[in-house]
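Undergrad: Residue numbers are given in the numbering used here: position 239 of the sequence shown equals residue 348, and the series is strictly consecutive.
Where a beta carbon is used, it is the ideal one built from N, C-alpha and C, also for glycine.
What you are looking at is a predicted structure, and each value in this text was computed from that prediction instead of being measured.
Take this structure first; my questions come after.
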Amino acid sequence: MKLTFRWFGENDAVPIKYIAQIPGIYGVVTALYGIPAGEIWPLDAISKLKGAAESHGLAAEVIESVPVHEDIKLGLPSRDRYIKNYIETLKNLGAAGFKCVCYNFMPVFDWVRTDLKLKNADGSTSLAYREEEIRKLDKNSLSLPGWDESYTKEELSGLLESYNAVTPRKLFENLVYFLEALMPALEETGINMAIHPDDPPWEIFGLPRIISAEDGLDKLFAAVPSKHNGLAFCTGSLGAKRANDLPRLAKKYAEAGRIHFAHLRNIAYDGDLSFRETAHNSASGSLDMFVIVSALVRGGFSGYVRPDHGRNIFGEEGKPGYGLYDRALGAAYLNGLFEAAEKMVANS
Ligand SMILES: [Mn+2]
110 MKLTFRWFGE
120 NDAVPIKYIA
130 QIPGIYGVVT
140 ALYGIPAGEI
150 WPLDAISKLK
160 GAAESHGLAA
170 EVIESVPVHE
180 DIKLGLPSRD
190 RYIKNYIETL
200 KNLGAAGFKC
210 VCYNFMPVFD
220 WVRTDLKLKN
230 ADGSTSLAYR
240 EEEIRKLDKN
250 SLSLPGWDES
260 YTKEELSGLL
270 ESYNAVTPRK
280 LFENLVYFLE
290 ALMPALEETG
300 INMAIHPDDP
310 PWEIFGLPRI
320 ISAEDGLDKL
330 FAAVPSKHNG
340 LAFCTGSLGA
350 KRANDLPRLA
360 KKYAEAGRIH
370 FAHLRNIAYD
380 GDLSFRETAH
390 NSASGSLDMF
400 VIVSALVRGG
410 FSGYVRPDHG
420 RNIFGEEGKP
430 GYGLYDRALG
440 AAYLNGLFEA
450 AEKMVANS
């Protein structure tokens, strides 16, 4: 595997020189920020970003994310212009040497939590999701942690309303339309698309969700068979749904060559549809990370991996989920799991 670490560019509170000190680190996962969804990412800015990583000895081959304009998800006539721009962005990313683009096809919110600073017994803080709190919210006047700066209340209710006519089936068709349009550029550049699963993997606020479980993934890979159409295997997102058998899915999609990127983190179930994010190790949460990593390795996975959200620990007050310390501990732990699993598989 290639160990990576998310870096939010020059404005990230985590200096890239610290990321370069993480044992076994291969590269960063990054993006250009401040460009509105649907606009073209200029080649010079992309090259500058890549150069910043490389000057610290870090590869920059994975983008997370190139956002998909809502009109593409809604299937509006204006989508073709935004898809054309997306293709230009892919070509620029390919020209700069990027190999993988993580994206998602979730309407409006690409993640939802009810708490960004849940205090744990040890004094650390975590992101958490409580279904009962989501159900109490007024859909017409939503205020969600982490989202209040992205939309005004009016924009949000307008956007939510525009999805009333979009069934899960329609959303799926719009995703297939999008991927098929990208395919010539993906063939040309060699870039792999890695769709991030729904987070959380169930319907919220009546919005359609299509990449929450095995059935949606199977359907997607059947509809667009090219291997450029792949998955970002996010254990914390897929794992929030207890029915998702992560070791089986990890092995199945790794064997099928569909896992281009893996987000590895742990969560603890707090009731049926509620969870909190924990430290990465198995004992701290509900997911058996060793069994999942072993399944990836047995499936032949050798792609990009990153520790996903961490807690805020050691007094750090970092961006929720994206402080340095707990993710660095997660990276060290993942190194150990992969080394053990790879040597066990090689010797078996
Ligand atoms: Mn993830």
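(1) Of all the options V177, M215, V217 and P186, which has the alpha carbon lying nearest to the alpha carbon of T198?
(2) Tell me which same chain residues have a C-beta within less than 8 Å of the C-beta of L227, skipping the five on either side of it?
(3) Compare the Cα-Cα distances from D379 to each of N390, F399, L329 and N229 and report the closest residue.
(4) Between G203 and G299, which are expected to be in contact by the criterion C-beta below 8 Å, what is the C-beta distance as a whole number of angstroms?
(5) Helix or strand or just coil, what does DSSP make of I172?
(6) Flag G345 as yes when its Cβ comes closer than 7 Å to any non-hydrogen atom of ligand 1, and as no otherwise.
(7) State the DSSP-derived secondary structure class of Y378, mapped to helix, strand or coil.
(8) Does the beta carbon of D381 come closer than 8 Å to any beta carbon on chain B?
(9) I want to check one thing, is the minimum distance from the CB of D417 to the heavy atoms of ligand 1 below 7 Å?
(10) Expressed to the nearest angstrom, what Euclidean distance is found between the alpha-carbon atoms of C343 and A294?
(11) Please confirm whether L373 and P416 have their CB atoms less than 8 Å apart.
(12) Tell me R115's beta-bridge partners as DSSP assigns them.
(13) What would DSSP say about L212, mapped onto helix, strand or coil?
(14) Given 8 Å as the limit, is there contact between the stretch 344 to 352 and the stretch 392 to 405, that is, 3 or more CB pairs closer than that?
(15) Identify every run of the beta strand (DSSP E) within the stretch 287 to 330, keeping only runs that are complete inside it and at least 3 residues long; order them along the chain.
(16) If you run the structure through DSSP and keep just helix, strand and coil, what is T261?
(17) Quick check on the DSSP output: what are the complete beta strand (DSSP E) runs of length 3 or more inside the stretch 361 to 429, in order along the chain?
(18) What number of angstroms, rounded off, separates the C-alpha of I401 from the C-alpha of E263?
(19) Can we count H369 as close to ligand 1, meaning its CB is less than 7 Å from some heavy atom?
(20) Grab me the residues of R239's own chain with a C-beta within less than 6 Å of its C-beta, minus the 5 sequence neighbours each way, in chain order.
(21) Would F314 and W256 qualify as a contact pair, given that the criterion is a beta-carbon distance under 8 Å?
(22) Compute the Euclidean distance between the alpha carbons of R436 and I149, then round it to the nearest angstrom.
(23) With respect to the alpha helix (DSSP H) encompassing S156, which residues constitute its N-terminal and C-terminal limits?
(24) Check for me: the alpha helix (DSSP H) holding D435 runs from which residue to which?
(25) Within the same chain, show all residues whose beta-carbon is closer than 8 Å to that of E364, passing over the 5 residues directly before and after it, in chain order.
(26) Across which residues does DSSP place K228 in a beta bridge pair?
TA: This is what the structure gives:
(1) V177
(2) T234, S235, L236, A237 and R385
(3) N229
(4) 7 Å
(5) strand
(6) yes
(7) strand
(8) Among the chains in the structure shown there is no chain B, since it carries only a single protein chain.
(9) yes
(10) 25 Å
(11) yes
(12) V138
(13) Sequence check: residue 212 is Tyr here, not Leu. It is a strand residue.
(14) yes
(15) 301 to 304
(16) coil
(17) 368 to 373, 376 to 378, 384 to 386 and 413 to 416
(18) 42 Å
(19) no
(20) T223 and S383
(21) no
(22) 31 Å
(23) L152 to E163
(24) Y434 to N456
(25) G408 and G409
(26) T234
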